[in-house]
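*Asks:* My structure is below; once you've seen it, I'll send some questions.
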Amino acid sequence: YYFPFIQEGPVGEDMFQWQATIMGPLDSPFTGGLFLVNIHFPLDYPFKPPKVSFRTKVFHFHFHPNINSNGNICLDILKEQWSPTLTISKVLLSIYLLLTDPNPNDPLVPEIAHMYKTDWAKYELTASYSCPL
């Protein structure tokens, strides 16, 4: 099974701090990009979800309903839908899919989610404009 990642693993000797690299999805504003992701495992992992955020600053994230300009990610499996059976690979795959398929029903940036739901054409134009080539 293909996972769109270059690598994932601990940063140095600290097994609670990992880094992953996600490749930008094809046919998206992120095509050709490599995005660094920080993963911090809490002491009570796997019973609590890891804290995951984008380290790479991406201008397009200023216009994504589930990712804010600080790299924070709003994803249900990192909150109330977390399960100890989820692997980091599955978490990263979900983040990868979120890049091309935002969830406006669980937004981190409500204004963008509202535009996504009520004026798709304007959202698409603005999101495309927000992503430098």
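Numbering (the UniProt record's numbering), first residue to last: 1 to 133. For each residue, glycine too, the CB sits at the ideal point set by N, CA and C.
1. State the Cα-Cα distance for the pair N105 and L97, rounded to the nearest angstrom.
2. Can you list, in chain order, the residues of its chain whose CB lies under 7 angstroms from that of K122, leaving out five sequence neighbours each side?
3. Measure from the alpha carbon of P50 to the alpha carbon of each residue in L86, K117, T118, T100, then state which is nearest.
4. Shortest alpha-carbon distance to K79 belongs to which of V37, A113, K48?
5. Would you call the CB atoms of F41 and F16 closer than 7 angstroms?
*Replies:* Checking against the coordinates, here is how it stands:
1. 16 angstroms
2. M115
3. L86
4. K48
5. yes
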